[in-house]
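See structure below.
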Amino acid sequence: MRAHEIYPNGGPRIGVYVCHCGLNIAGKVDVHEVVEFAKTLPFVVVAREYKFMCSDPGQEMIREDIREHRLNRVIVASCSPLLHEATFRRVLEQAGQNPFFFQMVNIREHVSWVTEDPREATEKAKALVAAAVRRVIFHEPLQRRRVPVKDHVLVVGGGIAGIHAALTLADAGKHVYLVEREPTIGGHMAMFDKTFPTLDCAACILTPKMSAVAAHPNITLWTYSEVIQVEGFVGNFRVRVRRKPRYVIEELCVGCLQCIDACVYKDARFPDEFNLGLGKRKPIYIPFPQATPRVVLIDPETCIWFKTGKCKRTCLEACERKAIDFEQQERIEEIEVGAIILATGFKTFDARRIPEYGYGKYPNVYTALEVERLVNAAGPTGGEVRLRDGRVPKRVGIIHCVGSRDERFNRYCSRVCCMYSLKLAHLIKERTGAEVYNFYIDMRTPGKGYEEFYDRLLQEGVHFIRGRVAEVTDWAITPEEEGKLIIRVEDTLIGVVRRIPVDMVVLAVGLEPQPDAEEVRRMFNISCSKEGFFLERHPKLAPVSTFTDGIFLAGACQGPKDIPDSVAQAGAAAAEALALIDKGYVELEPNTAYIVEELCSGCKTCISLCPYNAISFDEVRAIAVINEALCKGCGTCVAACPSGAARQHLFEDAQIFQEIEGVLAYV
Amino acid sequence: MSERPMEGERSFEPRIVAFFCNWCTYTAADLAGTARMTYAPNIRIIRLMCSGRLDPQFVLAAFRHGADGVLIGGCHPGDCHYQEGNYKALRRYLLLKRLLREMGIEEERLRLEWISASEGDRVQKVANEFTETIRRLGPLRLAPRPGVIRLPVAALPEPSPAAREGALP
Amino acid sequence: MSYLYFPGCSLKGTGRAYEESLLAVFRALGIPLTELADWNCCGATAYMSIDEHQAFALAARNLALAESQGSPADGAVQLIAPCSACYLVLLKAQQCLAADIALCQEITIALKEEGHCYRGRVRIRHPLDVLVHDVGLSEIARHVRQPLRGLKIACYYGCQIVRPFALFDRPHDPSTMDDLVRILGAEPVSWPLKTHCCGGSLTGTIPEVGWRLNYLLLREAQRRGAHLIVTVCPLCQFNLEAYQDQIRQRYPDLAPMPVLYFTQLIGMAMGLPPRELGLQRLLIPVDGLMAALSKEGAHARA
């Protein structure tokens, strides 16, 4: 078959469209010159510029040209294809063209925004347009593959974000697997007493949602469980979940807690994780009264039976439902889901990393999270703010930005610390009448009702000292300082170094990625941003998507966030997941590899290279065969084929060679 | 359509072709743009889905057609979107270096970098560094390069099997 | 491992006791210490403030000498600089030369005039680092003959050995000397002023301010129950020890507080003769204290 048979209209007819993107491109690149240059290139029938090519009139202009000039190839030189490739392919489709007769040229992210000199930027833009013209000539019509989508969704992480996403999807009639690593859902929010700025009781708004999760017919809740393997792709993920043994049969336990009373340890004597070690628990325990599911568990590290094999095991007798099972083994569950929402949350900054603040050295230095437990009515002190020696503090200092906005640790602002410090200041003052001092760099209170809350605290007589604290010390100089902790700080508003003696120091620790965020990222094949939080596909246009289709983000795993933002994002992630699975199918990029049978020599080089086992060997014909459904389109086999029999749609050798020549022909 | 400066001319602007994988390095280059990190304009980026798609012939073709340097960008080890394409790229890269050496091309003209999607600053740094390296090495003197498109219609590609089976535009 | 030793001016002057005790301790531990031949001013103090390049050239000459005289171990010649100021300036020069090519070229040319060459193959060490990390606490413990039981000590690190280059200890809360003191049988007191200012050259320029800074350190050590202060720096030692009379006139609550070099303390625990450790040079003697201790020790043993 010859060229004129494929192109009955007499060969490629190319339209080139160069976008100004306001001044984003036109401010640097001489767009007019690029257009005039494009007109000189072979097969270019029409070349135009426009202020915003992605806008309706811009798209309409292209559609119009396709019809009028019988264009069969389109090039848009504008932003990154990762942003608008889909938009312009749709334009071709709407005009009756195959969408893959399209090539996008990135002259914004890769040219105008990164080049200083306008001349050089224009030349670079021209070179890239020239390359695209040469490439697009060799484009071929392709069909997208349609793949059915599994109807279920996996939500990883049972904090407020995971809970909200799971409930939203379950209410929409989708089945949700909610996997939580701790024995209960609730996350950090369950540890708080009040929430800013409304001072809502955290438990009052969270626990109804927790029990709704437990009761929802569409939610399978697996706590004390971790995802260990993820395979497959958008719409068709295969996930393995490890369910750790809690030595209590979840289906039988009714949460009567009689086993805890019956434990041979008469007193709770082991540090209680949920209260950050401020309280005590027994080896058989429930993290907190509203824990969901309301099922006890046994900690084999502290249980005498597990440690010595000798115990009366009074808990066994106490359980009427015979729910305790010392022989329980871990279980691996396998599920298939269409979409995944990651809501794995954050960890707080380890205050020990700043030794000059004395955490771990002076007992009266606390982290904010510990104080959250102290002010919590269900906490270890029943909501009374007391120091470790039982005294009620008369003066309290709250140090902001601990581990945040600090070049040594994290440069970013953790976003929630100013507000939670204000909340704690209010609660401490309310409960103890203490003088409360806040040491801040800048007060950051953007948000509905936040600034007003700050104002309220100022009215309440809480002190605010602007300056980064140098150190917390027990070095007393004056008699008033004796027996107190002294906060040394430069008050930058009056330009004086001050020493503020206090009884209690609260460190407003920042938010950091989970310690295993890196492993989780790898398992789910997504990216992390520099500071280690999961990376969204686009900060503005795709804030809950990732670069891996079908995997979405919610909450603080994507970056520090407060509760309203986490919930909003969880709702968005649920909506994105719903949009994906509700359609029933996904269309995949047709960038798969294929074998030109007559060229294949049957050397089998490609077979071992494929990470997805998509290539098999046809013994009869002695050629390699690619299973298109399994191929993900990396092109590794294509690059390795010695006879050029393996090829890749959308990334054909011929296309790339033309691109190489194109970028080099014009400088 | 400015021609490359001839030997002896004062300013030498290196021509560099960069092959970036879609998931990490290309995205990082986008990030460098979003963050307005300016770098040498000599880098021309060609997108591949994976650094594993990099056929060694691409590198040789780039040199043949006038590139003074070739940069390959892929995901960090263990981070490949396709599990291990970047390891294949590394193997080919090491082999190519030996090949280039035997061809009398300085092996510094080929560089492989692992740049993750969040490392926009690294794209900037590598682009500038590599441009300087090539500037120092000077132009790669191979056969004369083409300056215009030579593309008779007769040279159009053979249709793909898909097109043959009637999936016409 | 063998070490070169750069005394600097202080250890030949006001800090003679530091040199005597350092050499005695290393001798007793069997570690060879060779004084750098033909050394010159490290480049600290006025030079660094007035003309950095002069200071770098001076420092680089010492480094170049070390390279030519020492035998490298792990790819670098080990050069011990006991004085904190020398230690800091040599390190600073080394880092600046490595980071600034133009400066490095300039200094190379300057050194060449005298036929020297510096290639960056010197590792500058503080004796505290060497004793704790190279020799090791257990080896030192093996040499302890008279454990300093009952002695409470404030360990004073000063500013220069941990900041800005925290190469062997934490910058804000260093602990190597505390560990060392514990090995010697004494008890380090919890003292938050380990790296606070000793007054530096203020005692010479604005004495009122300098003495107040000295006083704050001395009084806090006294309040924490320390019998004496040990330090690693000749200037700190001098500031804290020499002005106690003047300070007491202003702040009468201050009792005499001996200030020793850490090497003197090690020597005492090893049972080395006091004269070898330069103990006779102390302005506030420790004889009485030691006698009381040994009596107490004998009492305890009985």
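Going down the list, the sequences are from chains A, B and C.
Take 112 as the starting number for the first sequence in the numbering used here and just add one per residue.
Take 189 as the starting number for the second sequence in the numbering used here and just add one per residue.
Take 182 as the starting number for the third sequence in the numbering used here and just add one per residue.
Where a beta carbon is used, it is the ideal one built from N, C-alpha and C, also for glycine.
The model shown is predicted, which means the values in this text are computed figures rather than measured ones.
Look up C/Ile334 in the DSSP assignment and give the residues it is bridged to. By 1-based counting over the third sequence, the position of residue 334 of chain C is 153. Answer by DSSP bridge pairing, in chain order: C/Pro369 and C/Leu409.
ask   = With distances taken from CA atoms, which of A/Phe645, A/Tyr473, A/Ala188 and A/Leu453 is nearest A/Val55?
value = The structure shown does not extend to residue 55 of chain A, since chain A is modelled only from 112 to 778, so the question has no answer here.
Practice task
Please decide whether A/Thr703 counts as near chain B, where near means a Cβ-Cβ distance under 8 angstroms.
Solution key: Taking the first sequence and counting its residues from 1, one reaches residue 703 of chain A at position 592. So no, A/Thr703 is outside the interface.
Rounded separation between A/Ser754 and A/Ser712 - CA only:
Position 643 of the first sequence, counted from the start, is the residue given in the question as residue 754 of chain A. Position 601 of the first sequence, counted from the start, is the residue given in the question as residue 712 of chain A. Looking at the two C-alpha atoms, the distance is approximately 7 angstroms.
Practice prompt. Excluding the 5 residues preceding and the 5 following C/Arg197 in the sequence, name in chain order all residues of the same chain whose CB lies nearer than 8 angstroms to its CB.
Written response: Against the third sequence, residue 197 of chain C aligns to sequence position 16. Correct list, in chain order: Gly459 and Arg462.
Strictly under 8 angstroms for the Cβ-Cβ distance: is C/Pro345 near chain A by that measure? Here residue 345 of chain C is taken as the residue at index 164 of the third sequence, counted from 1. Chain A, which has no Cβ nearer than 8 angstroms to the Cβ of C/Pro345, makes this no.
Mind listing which residues of the stretch 350-363 of chain C have their C-beta closer than 7 angstroms to chain F's C-betas, in chain order?
The structure shown contains no chain F; the protein chains it does contain are A, B and C.
**Request:** Closer than 7 angstroms by beta-carbon distance: list the chain A residues that pair up with C/Pro373, in chain order.
**Result:** Numbered from 1 along the third sequence, position 192 holds the residue referred to as residue 373 of chain C. Within chain A, the residues near C/Pro373 are Thr584, Asp585 and Trp586.
Given 8 angstroms as the limit, is there contact between the stretch 327-343 of chain A and the stretch 633-648 of chain A, that is, 3 or more CB pairs closer than that?
yes
* Residue environment, A/Tyr696, which counts as buried when at least 16 other CB atoms sit within 10 Å -> Translated into the one-based positions of the first sequence, residue 696 of chain A becomes position 585. A/Tyr696 comes out exposed.
Exposure label - A/Pro398; buried when at least 16 CB within 10 Å: For the purposes of this step, residue 398 of chain A is identified with residue 287 of the first sequence, where counting begins at 1. Looking at its Cβ environment, which holds 16 or more other Cβ atoms inside 10 Å, A/Pro398 is buried.
(Q) Give me the subset of the stretch 456-481 of chain A whose CB atoms are less than 7 angstroms from a CB atom of chain C, sorted by chain position. (A) Pro466 and Glu467
Exercise. Does any CB atom of chain A fall closer than 8 angstroms to the CB of B/Ser304?
Worked result: Within the second sequence, numbered from 1, the residue matching residue 304 of chain B stands at position 116. True, the Cβ-Cβ gap to chain A drops below 8 angstroms.
Q | Neighbourhood of A/His299 by C-beta distance below 7 angstroms, restricted to the same chain and skipping five residues each side | A | Residue numbering aside, residue 299 of chain A sits at position 188 when the first sequence is read from its first letter. Answer for A/His299: Gly270 and Gly456, listed in chain order.
- Task: Please classify A/Cys426: does DSSP put it in a helix, a strand, or coil?
- Result: As a first step, residue 426 of chain A is located in the first sequence; it is residue number 315 there, counting from the start. Three-state result, A/Cys426: helix.
message: Pull the bridge partners of A/Cys639 from the DSSP assignment, please.
response: Taking the first residue of the first sequence as 1, we reach residue 639 of chain A at position 528. DSSP, once it has assigned bridges, lists A/Phe645 as partnering A/Cys639.
### chain B contacts from the stretch 720-732 of chain A (Cβ-Cβ distance under 9 angstroms)
Leu720, Pro722 and Tyr723
* Could you work out which residues of chain B lie near A/Trp224, taking near to mean beta carbons separated by less than 9 angstroms? => Taking the first residue of the first sequence as 1, we reach residue 224 of chain A at position 113. By Cβ distance, chain B contributes Ala220, Gly221, Thr222, Ala223, Arg224, Met225 and Thr226.
C-alpha gap between A/Asp693 and A/Asp262, whole angstroms
In the first sequence, the residue the question calls residue 693 of chain A occupies position 582. In the first sequence, the residue the question calls residue 262 of chain A occupies position 151. Roughly 7 angstroms separates the two Cα atoms.
- Query: Which residue or residues does DSSP assign as beta-bridge partners of A/Asn217?
  - Reply: Here residue 217 of chain A is taken as the residue at index 106 of the first sequence, counted from 1. Partner(s): A/Ser189.
ask   = For A/His574, which residues does DSSP report across the bridge?
value = Counting from one through the first sequence, the residue named residue 574 of chain A turns up at place 463. A/Tyr548.
- Task: Assign C/Cys414 to buried or exposed, taking buried as 16 or more other Cβ atoms, counted over all protein chains shown, within 10 Å of its Cβ.
- Result: Residue numbering aside, residue 414 of chain C sits at position 233 when the third sequence is read from its first letter. Buried, since its Cβ has 16 or more Cβ neighbours within 10 Å.
- Message: Between A/Ser223, A/Glu175 and A/Pro192, which has its C-alpha nearest A/Gln205's C-alpha?
- Response: By 1-based counting over the first sequence, the position of residue 205 of chain A is 94. Checking every option, the nearest Cα to that of A/Gln205 belongs to A/Glu175.
Where A/Gly327 and A/Ala683 are concerned, what is the direct C-alpha to C-alpha distance, given to the nearest angstrom? Numbered from its first residue, the first sequence carries residue 327 of chain A at position 216. Numbered from its first residue, the first sequence carries residue 683 of chain A at position 572. Note on residue identity: the sequence assigns His, not Gly, to residue 327 of chain A. Distance between the alpha carbons of A/His327 and A/Ala683: 20 angstroms.
query: Is A/Glu361 near A/Val406, with beta carbons less than 8 angstroms apart?
result: For the purposes of this step, residue 361 of chain A is taken as residue 250 along the first sequence, with counting starting at 1. For the purposes of this step, residue 406 of chain A is taken as residue 295 along the first sequence, with counting starting at 1. In contact: A/Glu361 and A/Val406 (Cβ atoms closer than 8 angstroms).
Starting from C/Gly224, follow its DSSP beta bridges and name the residues at the other end. On the third sequence, position 43 is the one that residue 224 of chain C refers to. Note: C/Gly224 sits in no beta bridge, so no partner.
| Quick one: Cα of C/Val270 to Cα of C/Lys193, how far? | Sequence index remark: in the third sequence, residue 270 of chain C carries index 89 (1-based). Sequence index remark: in the third sequence, residue 193 of chain C carries index 12 (1-based). Taking the straight line joining both Cα atoms gives about 18 angstroms.
Q) How about A/Phe663 and A/Ser656: do their beta carbons lie closer than 8 angstroms? A) In the first sequence, counting from the first residue as 1, residue 663 of chain A sits at position 552. In the first sequence, counting from the first residue as 1, residue 656 of chain A sits at position 545. Closer than 8 angstroms, so yes.
TODO: Within the same chain, show all residues whose beta-carbon is closer than 8 angstroms to that of A/Lys355, passing over the 5 residues directly before and after it, in chain order.
DONE: Residue mapping note: residue 355 of chain A aligns to position 244 of the first sequence, counting from 1. Excluding positions up to five away in sequence, the list reads Tyr335, Ser336, Glu337 and Glu441.
Flag this pair as yes or no: are the beta carbons of A/Arg308 and A/Tyr561 separated by less than 8 angstroms? For the purposes of this step, residue 308 of chain A is taken as the residue at position 197 of the first sequence. For the purposes of this step, residue 561 of chain A is taken as the residue at position 450 of the first sequence. According to the sequence displayed, residue 308 of chain A carries Pro and not Arg. It is a contact, given that the beta carbons lie within the stated cut-off.
Extract the residue ranges of the alpha helix (DSSP H) inside the stretch 258-290 of chain A, only unbroken runs of 4 or more that lie entirely within it. 271-282
Here's the rule I'm using: 16 or more other beta-carbon atoms within 10 Å means buried, otherwise exposed. How should A/His131 be labelled? The count along the first sequence starts at 1 and reaches residue 131 of chain A at position 20. Buried: at least 16 other Cβ atoms inside 10 Å.
* May I have the straight-line CA-CA distance separating A/Asn209 from A/Ile186, to the nearest angstrom? => Within the first sequence, numbered from 1, the residue matching residue 209 of chain A stands at position 98. Within the first sequence, numbered from 1, the residue matching residue 186 of chain A stands at position 75. Distance between the alpha carbons of A/Asn209 and A/Ile186: 13 angstroms.
Query - Any chain B beta carbon closer than 8 angstroms to A/Val774 - result: What you label residue 774 of chain A is simply residue 663 of the first sequence in a count that begins at 1. Interface residue, yes.
Restricting to Cα atoms, I'd like to know which of A/Pro466, A/Asp602 and A/Gly508 is closest to C/Asp350. Stepping through the third sequence from its first residue, residue 350 of chain C is reached at position 169. Of A/Pro466, A/Asp602 and A/Gly508, the residue nearest in Cα terms is A/Pro466.
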